[in-house]
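A.B. asks:
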Amino acid sequence: MSKPYRLISEELPEIPKIVRGSVYDELLDDFVKGKAKTSRVEYTGKNAKNLMSGIRARIKKRKLDVRLAVRKGQLYLLKS
């Protein structure tokens, strides 16, 4: 009588590493590669405080030499 299953000997496949990105990574890349030392950020649908929180987290995670400043409700990126 045959069995309803088969055992097949093989190596366990590797799990691919997932690289997680952020919506702010492209923004930061453009700023770092650009020539301007200071830039004002305009991002549709987000206010300066929310932007600052998200961008600050990406700067810290990526260990970038970029600072943030808010003046009169506007967010600025500054190269250190």
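When the count follows this note's numbering, it moves up by one through the sequence shown with no breaks and lands on 1492 for the last residue. Backbone N, C-alpha and C fix where the C-beta goes; we use that ideal spot for every residue, glycine too.
#1: Since Arg1479 is in the beta strand (DSSP E), which residue starts that stretch and which ends it?
#2: In the DSSP assignment, find the unbroken alpha helix (DSSP H) run with Ser1465 in it and report its ends.
#3: Where DSSP assigns a beta bridge to Tyr1488, which residues make up the other side?
#4: For my contact list, Leu1487 and Val1444 are in at a C-beta cut-off of 8 Å; report their separation, rounded to the angstrom.
#5: I need the straight-line Cα distance from Ala1481 to Gly1457, nearest angstrom please.
#6: Taking just the CA atoms, how far does Leu1489 sit from Gly1446?
C.D. replies: Taking the geometry as given:
#1: For the purposes of this step, residue 1479 is taken as residue 67 along the sequence shown, with counting starting at 1. Unbroken beta strand (DSSP E) run through Arg1479: 1478-1483.
#2: Here residue 1465 corresponds to residue number 53 of the sequence shown, with the count starting at 1. Per DSSP, Ser1465 belongs to the alpha helix (DSSP H) from 1460-1474.
#3: Along the sequence shown, one-based indexing puts residue 1488 at 76. According to DSSP, Tyr1488 bridges with Arg1452, Ala1481.
#4: If you number the sequence shown from 1, residue 1487 lands on position 75. If you number the sequence shown from 1, residue 1444 lands on position 32. Not really, about 16 Å apart at Cβ, beyond 8 Å.
#5: As a first step, residue 1481 is located in the sequence shown; it is residue number 69 there, counting from the start. As a first step, residue 1457 is located in the sequence shown; it is residue number 45 there, counting from the start. Distance between the alpha carbons of Ala1481 and Gly1457: 19 Å.
#6: As a first step, residue 1446 is located in the sequence shown; it is residue number 34 there, counting from the start. As a first step, residue 1489 is located in the sequence shown; it is residue number 77 there, counting from the start. Cα to Cα, the separation comes out at about 12 Å.
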